[in-house]
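Down below is the structure, laid out as structure tokens.
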Amino acid sequence: MSKSLAGRRRVLILGGTAEARALAARLADQPAVAVVSSLAGRVADPRLPVGEVRVGGFGGVDGLARWLSAQHIDVVVDATHPYAARMRVAAVAAADTAGLAHLRLERPGWTAQPGDRWHRVPDVPAATRTLPALGRRVLLTTGRQSLSAFLPLSGLWILARVVDEPPEPIPAHVRLLRSRGPYTLRGELDLMRTHRIDVLVTKNSGGPLTEAKLDAARRLGLPVLMIDRPAPVASSTTVTTVEEALRWLSALPAQPG
Ligand code: NAP
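For the sequence shown, position 127 matches number 134 in this note's numbering, and the numbering has no gaps at all.
Spelled out as structure tokens, the structure:
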């Protein structure tokens, strides 16, 4: 295990999620723990966690392993989004290389309820193939990074909800809606009715902040094209709540020296 600073356990939280911010806030109260949160830097005006924050990629597994060592990190908590598939693989590998404890904090996905009309697909390419059969007026909520895959679907009208402006040119059949959650059932119903949406496309992000779109789709009887989560990393210890993560951290062996 790397050297801790002044006997405090130094925890890296890989973030970009509400859970990562909540964990950083809870650990800020613990004098024996020093936290640094890491953001990828994708969002222009991110919601920042409390405490020390660094921004930007590490340069793959080797870059992260070097950074962990240089920063005297003792523990890695990967609380990145369920669809951040590359970072979580790199986090396990780099923690392993550096000989550090690693925890994955991943919120549970949503589950279909009575009345839901979910069509589950494994990934974005499968979603683009399936979508034209489900509707003509689309609310696309999968984010800026997957937007380009849907742009060639020129037979559809697409309302694409994104946090930041995408870099690519947007064709006439796509309208951008810049916004960031949380969303309410009332707001989502208004949005879907106003734009005569007949199909919703979403990732299974889970959590309460963006769940209202599913409630609205159910109320309106709309099909939902649900892109499943990427496969979990087999070797990682995973918890689903901030409370569990805090318990796991407090159960780690005491810091040497
Ligand atoms: P990704 O595909 O797994 O990561 C791509 C690269 O971005 C990584 O290889 C790493 O670069 C860098 N990176 C990712 N997360 C990082 C972090 N927390 N701190 C520093 N570098 C990070 O991830 P993504 O899907 O692009 O997501 C990027 C960030 O947005 C994540 O932090 C995630 O929590 C957040 N987010 C993602 C989604 C989503 O739907 N994917 C939704 C909401 C929030 P290097 O290889 O150079 O280290």
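Cβ atoms here follow ideal geometry from the backbone N, Cα and C, with glycine treated the same way.
This one's a predicted model, so the numbers in the text were calculated from it and none came from an experiment.
Report the partner residues of residue i according to the DSSP bridge assignment.
{"i": "H126", "result": "L232"}
{"i": "I165", "result": "V145 and V181"}
{"i": "S44", "result": "I20 and V60"}
{"i": "H88", "result": "H88 pairs with nothing; no bridge assigned."}
{"i": "R111", "result": "D85 and T245"}
Reducing DSSP to helix, strand and coil, say where residue i ends up.
{"i": "S242", "result": "coil"}
{"i": "R203", "result": "coil"}
{"i": "L192", "result": "helix"}
{"i": "S76", "result": "helix"}
{"i": "R17", "result": "strand"}
{"i": "T247", "result": "coil"}
{"i": "V131", "result": "helix"}
{"i": "M8", "result": "Note that M8 scores 40 on pLDDT, short of 50, meaning its location in the model is unreliable and no value can be drawn from it."}
{"i": "T137", "result": "helix"}
{"i": "V170", "result": "coil"}
{"i": "A51", "result": "coil"}
{"i": "R187", "result": "coil"}
{"i": "T209", "result": "strand"}
{"i": "D81", "result": "coil"}
{"i": "D36", "result": "coil"}
{"i": "W117", "result": "coil"}
{"i": "G67", "result": "helix"}
Could you tell me the alpha carbon to alpha carbon distance between residue i and residue j, rounded to whole angstroms?
{"i": "A108", "j": "A31", "result": "17 Å"}
{"i": "A39", "j": "P132", "result": "46 Å"}
{"i": "A223", "j": "P176", "result": "30 Å"}
{"i": "P173", "j": "A77", "result": "34 Å"}
{"i": "H180", "j": "V231", "result": "20 Å"}
{"i": "L3", "j": "R254", "result": "Since the first and last residues shown for the chain are 8 and 264, residue 3 lies out of range."}
{"i": "S9", "j": "R73", "result": "Confidence is the limiting factor: at S9 the pLDDT is only 43, short of 50, which leaves the residue's position unreliable, though a coordinate-based value still follows. Looking at the two C-alpha atoms, the distance is approximately 12 Å."}
{"i": "V62", "j": "R124", "result": "39 Å"}
{"i": "L183", "j": "L163", "result": "14 Å"}
{"i": "L227", "j": "L196", "result": "8 Å"}
{"i": "T118", "j": "G14", "result": "43 Å"}
{"i": "L229", "j": "P121", "result": "13 Å"}
{"i": "T260", "j": "V82", "result": "Before going on, a small fix: residue 260 reads as Pro here, not Thr. Those two C-alpha atoms are separated by around 11 Å."}
{"i": "L21", "j": "P178", "result": "35 Å"}
{"i": "P89", "j": "L71", "result": "20 Å"}
Report yes if the C-beta of residue i is less than 7 Å from at least one heavy atom of the ligand NAP; otherwise report no.
{"i": "M94", "result": "yes"}
{"i": "R49", "result": "yes"}
{"i": "H88", "result": "yes"}
{"i": "S243", "result": "no"}
{"i": "Q78", "result": "no"}
{"i": "T24", "result": "yes"}
{"i": "F65", "result": "yes"}
{"i": "L55", "result": "no"}
{"i": "K220", "result": "no"}
{"i": "A72", "result": "no"}
Which whole-angstrom value describes the C-beta separation of residue i and residue j, a residue pair presumed to lie in contact below a C-beta threshold of 8 Å?
{"i": "E59", "j": "S44", "result": "7 Å"}
{"i": "D235", "j": "G142", "result": "In fact, because the Cβ distance is near 19 Å, the residues do not count as touching under 8 Å."}
{"i": "V84", "j": "A252", "result": "6 Å"}
{"i": "H126", "j": "M233", "result": "7 Å"}
{"i": "G194", "j": "T217", "result": "So it is not a contact: roughly 11 Å between Cβ atoms."}
{"i": "R54", "j": "R28", "result": "6 Å"}
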